[in-house]
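For the sequence shown, this note's numbering begins at 1226 and goes up steadily by one.
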Amino acid sequence: MTIYKFGDVILVPFPFTNQTTSKKRPAVVVSSGIYQSQYADLIIMAITSQNKLISGVGEVIVTEWSNAGLVKPSVIKPVIATIEKGLIIRKLGKLENGDRQGLKNALSEILGE
């Protein structure tokens, strides 16, 4: 069983918030290896190339987007989902240290301390 790391960028059918449909898009893994060793799913956050100059609460501008395997400048959105690992199409790359720290800060903003 593949264990994905916090900050891994993957391609998945990301569910819309109404849970009726999905769209193939990149996402970032936010669940830990410990979580994954006990459950068959991943906790992920959406990534979009529809970025703005100023990010909002819980958003992270991916500064090293090319190194993360993304084809355009992108933003991690504060949209969290749980998916089965079997739905992963492929791994694209991983976030660099600064972007991973930004993701940790965003999760703290979204979920509280």
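Glycine residues also receive a C-beta, built at the ideal position from the N, C-alpha and C atoms.
**Prompt:** By Cβ distance below 6 Å, which residues in the same chain neighbour residue 1306 in space, the five residues on each side in sequence not counted?
**Reply:** Working through the sequence shown from its first residue, we reach residue 1306 at position 81. So the qualifying residues of the chain are 1240 and 1269.
**Prompt:** Distance, Cα to Cα, residue 1236 vs residue 1315?
**Reply:** Mapped onto the sequence shown, residue 1236 falls at position 11. Mapped onto the sequence shown, residue 1315 falls at position 90. Approximately 5 Å, taken between the alpha carbons.
**Request:** Find the nearest neighbour of residue 1247 within the set 1253, 1308 and 1283, judged by alpha-carbon distance.
**Result:** Walking along the sequence shown from the start, residue 1247 turns up at place 22. Closest by alpha carbon: 1308.
**Item:** Simplified DSSP state of residue 1313, which is helix, strand or coil
**Value:** Along the sequence shown, read from residue 1 onward, the residue named residue 1313 stands at position 88. Coil, per DSSP.
**Asked** Exposed or buried, which one is residue 1265 when buried takes at least 16 other CB atoms within 10 Å?
**Response** Residue numbering aside, residue 1265 sits at position 40 when the sequence shown is read from its first letter. Per the 10 Å Cβ criterion, exposed.
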